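Undergrad: Before I ask anything, let me first share the structure, which is written out below as structure tokens.
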Amino acid sequence: MEVRKTPNAGLGMFATAHIPRGTRLICESPLVVLSELADLPDLYRLVEALPAERAAAFWELAAYRRKAEEVDWIPAIRASYDGPSEDFEALCDRVLDAWLIYETNRFTVRSSNGARNKMGLFPKAARLNHSCRPNVFHRHNHYINRLTIHALTDIDPGTEICTSYIDIVHPTQERRRLLRHWGFKCTCDLCRSRNSANEHRRGKLETLVSRAKRDAAERSQKTNVPQWDHANALGKLEEILELMTEEELDEADTRAEILALAADCALAIGWAGMARDWALQALEIEERCLGSDGQEWEAAKARLDKVERALEAETGSG
Ligand SMILES: C[S@@+](CC[C@H](N)C(=O)[O-])C[C@H]1O[C@@H](n2cnc3c(N)ncnc32)[C@H](O)[C@@H]1O
1 MEVRKTPNAG
11 LGMFATAHIP
21 RGTRLICESP
31 LVVLSELADL
41 PDLYRLVEAL
51 PAERAAAFWE
61 LAAYRRKAEE
71 VDWIPAIRAS
81 YDGPSEDFEA
91 LCDRVLDAWL
101 IYETNRFTVR
111 SSNGARNKMG
121 LFPKAARLNH
131 SCRPNVFHRH
141 NHYINRLTIH
151 ALTDIDPGTE
161 ICTSYIDIVH
171 PTQERRRLLR
181 HWGFKCTCDL
191 CRSRNSANEH
201 RRGKLETLVS
211 RAKRDAAERS
221 QKTNVPQWDH
231 ANALGKLEEI
241 LELMTEEELD
251 EADTRAEILA
261 LAADCALAIG
271 WAGMARDWAL
281 QALEIEERCL
291 GSDGQEWEAA
301 KARLDKVERA
311 LEAETGSG
């Protein structure tokens with residue numbers, strides 16, 4: 001891969017050789033990590049404490065310059081500042097620059113318990129531009145404290161390597177709203193075509209996926225879930241999987257989550273053969289999107305093992 005200029009998105013990352021689907025392209029430790037409770041002066045202190053080479057890598061990153069009136073931190077800095085007043089403006093400019101770099105390039109970082117309660121900067125991955133039809137997938141792997149980037153498709157030499165900054169299940173209008181954070185209007189194929197069939201399916205997916213996750217969380221709290229409840233849930237999950245296939249969302253790990261829920265429901269009903277197919281597909285997606293050294297892979301493997309034990313028991317008793 002190489003970093004070079006793009007026509008309309010600043011720098012970007014490009015493939016210089018053929019990249020097979022599933023390849024781990026980046027496995028990078030963070031330059032700076034900030035908890036959700038930290039504030040702007042905390043970020044600035046962390047950046048100031050970086051060794052020279054890492055500090056240089058930080059200050060070279062792109063920054064989307066949002067309007068000053070959207071920034072409400074200056075009073076907080078002023079409150080703790082006791083230096084000469086003529087230096088205060090320069091300090092504010094520098095702190096603001098650090099913050100804008102951070103906001104433009106941050107990725108979610110998970111704590112050791114898996115909670116997504118931090119954000120981090122990863123200088124290589126920070127050069128990846130966004131596409132709503134991404135060809136790579138990013139995720140912080142908290143087992144190894146690295147951000148990993150995996151190829152979702154085969155990538156030809158010369159192709160730009162793009163990840164998605166947002167959940168791409170949404171229709172165009174919502175994706176545009178979310179992408180305002182980074183200050184650009186996406187011009188990927190999906191956004192340009194704005195086809196009504198895509199819009200309709202994504203609108204439906206948005207609702208069905210959030211409902212399916214909420215219902216699964218509720219089911220996991222209950223001790224006795226009736227069979228019909230699992231069967232109902234399974235019907236909805238199958239509908240989601242179909243919509244995802246039609247939308248070519250075959251590789252995203254939201255699909256792996258839905259497959260895992262479908263496998264759990266099928267197993268609860270006693271359809272171990274069906275559960276096995278879904279559990280296997282979920283494991284394959286996790287492996288391609290995230291590799292086999294993270295929590296998702298471990299959970300997907302444990303699910304498949306459980307389903308296979310159920311199948312063996314069924315075969316044994318039959
Ligand atoms: C994480 S940086 C990506 C690398 C950046 N292009 C650079 O030059 O270092 C995010 C910024 O890149 C630009 N960007 C990313 N994806 C884009 C896209 N699809 N279209 C236009 N600009 C994009 C936006 O300015 C955004 O704030």
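Once you know that position 289 of the sequence shown is 289 in the UniProt record's numbering, the rest is easy, because the numbers rise by one and skip nothing. Positions of the beta carbon are idealized from the N, C-alpha and C atoms, including for glycine. In this text the structure is predicted, and so the values were computed from the model without any measurement.
Could you check the C-alpha separation between VAL136 and PHE88 for me, to the nearest Å?
TA: Rounded to whole angstroms, VAL136 to PHE88 spans 42 Å at the Cα level.
Undergrad: Confirm the yes/no value for this check: CB of residue 384, any heavy atom of ligand 1, distance under 8 Å.
TA: With the chain represented from 1 up to 318, any question about residue 384 goes unanswered, as that position is not in the structure.
Undergrad: CA-CA distance, ALA260 and LEU241?
TA: Taking the straight line joining both Cα atoms gives about 11 Å.
Undergrad: Cβ of ILE144 within 9 Å of Cβ of LEU128?
TA: No; because the gap between Cβ atoms is not below 9 Å, this pair is not in contact.
Undergrad: Mapping the DSSP letters down to three states, classify LEU34 as helix, strand or coil.
TA: Three-state DSSP puts LEU34 in a strand.
Undergrad: Within the region 13 to 67, note down every full alpha helix (DSSP H) run reaching 4 residues or more, in order along the chain.
TA: Complete alpha helix (DSSP H) runs here, min 4: 40 to 48, 52 to 59.
Undergrad: What is the DSSP secondary structure of ILE155, reduced to helix, strand or coil?
TA: The answer is strand: DSSP assigns ILE155 an E or B state.
Undergrad: Have a look at the DSSP bridge pairing and note the partners of MET244.
TA: The partner list for MET244 (beta bridge, DSSP) is empty, contrary to what the question assumes.
Undergrad: Using 8 Å as the cut-off, classify the Cβ of TRP182 as near or not near the heavy atoms of ligand 1, replying yes or no.
TA: Yes.
Undergrad: Are the region 150 to 160 and the region 14 to 25 touching, with three or more C-beta to C-beta distances below 8 Å?
TA: The region 150 to 160 is in contact with the region 14 to 25.
Undergrad: By how many angstroms is the C-alpha of TYR165 removed from the C-alpha of TRP59?
TA: Answer to the nearest angstrom: the Cα atoms are 21 Å apart.
Undergrad: Could you check if ASN145 belongs to the surroundings of ligand 1, using beta carbon to heavy atom distance under 8 Å?
TA: Checking the Cβ of ASN145 against ligand 1 gives no.
Undergrad: Buried or exposed for ALA300, please, with buried defined as at least 16 other CB atoms from any protein chain shown within 10 angstroms of its CB.
TA: The residue is buried, with at least 16 neighbouring Cβ atoms inside 10 Å.
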